[in-house]
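Structure, as structure tokens:
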Amino acid sequence: MHVRLASEASLLCKGVHDLLESHPEIMLVESVVCKQCCDQYCCDSHDVVIIDISNGRIGSLDCIRKMLARFPHSKVLALINIEHVSLLGDIFDRGALGVVSLDADASVLVEAVKRIASGGVYVEAALAQALTEIPYKK
Numbered sequence: 014m015h016v017r018l019a020s021e022a023s024l025l026c027k028g029v030h031d032l033l034e035s036h037p038e039i040m041l042v043e044s045v046v047c048k049q050c051c052d053q054y055c056c057d058s059h060d061v062v063i064i065d066i067s068n069g070r071i072g073s074l075d076c077i078r079k080m081l082a083r084f085p086h087s088k089v090l091a092l093i094n095i096e097h098v099s100l101l102g103d104i105f106d107r108g109a110l111g112v113v114s115l116d117a118d119a120s121v122l123v124e125a126v127k128r129i130a131s132g133g134v135y136v137e138a139a140l141a142q143a144l145t146e147i148p149y150k151k
């Protein structure tokens, strides 16, 4: 399966790239910054796009919406900081199929990529647990 990473942080790109390249079933396509992914680079050259939303900015969330409007068959996995667990609803509302925290083990990221590539959805267990701990607001 082919995977593309979209992030503003080159260090994060390098780390994710290093984690995934050791898995023979995963082939990485050139990493891009989010704006490029939304505007031009997302096409049929990948099975999964991993979008870094670790900064928690709305612009990164909008990247998911814009990309899926232009390339509706793209499968998106979002990477977030666990502190931004409250964004899960927004992430899925914009069309992502999965979410993993930056604190996750490499095996969790690989499992998420595989599940999403095969048409499934994925929420890291630690994020699901953190979501249940957010106080309910009316």
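Note that this note's numbering has the sequence shown beginning at 14, numbered continuously upward. Quick reminder that beta carbons are idealized off the backbone N, C-alpha and C, glycines included. Please read these numbers as outputs of a predicted model, since none were measured by experiment.
Give me the residue from the options with the minimum Cα distance to residue i.
| i | options | result |
| --- | --- | --- |
| His-97 | Asp-116, His-86, Phe-84 | Asp-116 |
| Ile-104 | Asp-65, Glu-124, Arg-83 | Asp-65 |
| Leu-101 | Leu-144, Arg-83, Ile-39, Asp-118 | Leu-144 |
| Ala-91 | Val-136, Arg-128, Ala-138, Ile-63 | Ile-63 |
What is the DSSP secondary structure of residue i, reduced to helix, strand or coil?
| i | result |
| --- | --- |
| Asp-65 | strand |
| Ile-39 | coil |
| Leu-18 | strand |
| His-97 | helix |
| Glu-124 | helix |
| Ile-77 | helix |
| Phe-105 | helix |
| Glu-34 | helix |
Buried or exposed: where does residue i fall if 16 or more other Cβ atoms within 10 Å of its Cβ makes it buried?
| i | result |
| --- | --- |
| Gly-132 | exposed |
| Lys-27 | exposed |
| Gly-111 | buried |
| Ser-114 | buried |
| Ser-120 | exposed |
| His-86 | exposed |
| Ala-138 | exposed |
| Ser-99 | exposed |
Hey, how far is the Cα of residue i from the Cα of residue j?
| i | j | result |
| --- | --- | --- |
| His-30 | Leu-18 | 8 Å |
| Pro-37 | Arg-78 | 30 Å |
| Met-80 | Pro-148 | 32 Å |
| Glu-34 | Leu-140 | 25 Å |
| Asp-75 | Leu-32 | 26 Å |
| Val-123 | Arg-83 | 26 Å |
| Val-89 | Val-61 | 6 Å |
| Ile-95 | Glu-146 | 12 Å |
| Val-42 | Val-126 | 14 Å |
| Asp-106 | Gln-142 | 19 Å |
| Ala-6 | Met-14 | Any property of residue 6 remains undetermined from this structure, which presents the chain solely from 14 to 151. |
| Met-40 | Ile-93 | 22 Å |
So with Cβ pairs under 8 Å, would you call residue i a contact of chain B?
| i | result |
| --- | --- |
| Asp-118 | Absent here is chain B; the protein component of the structure consists of one chain. |
Pull the bridge partners of residue i from the DSSP assignment, please.
| i | result |
| --- | --- |
| Gly-111 | Leu-90, Tyr-135 |
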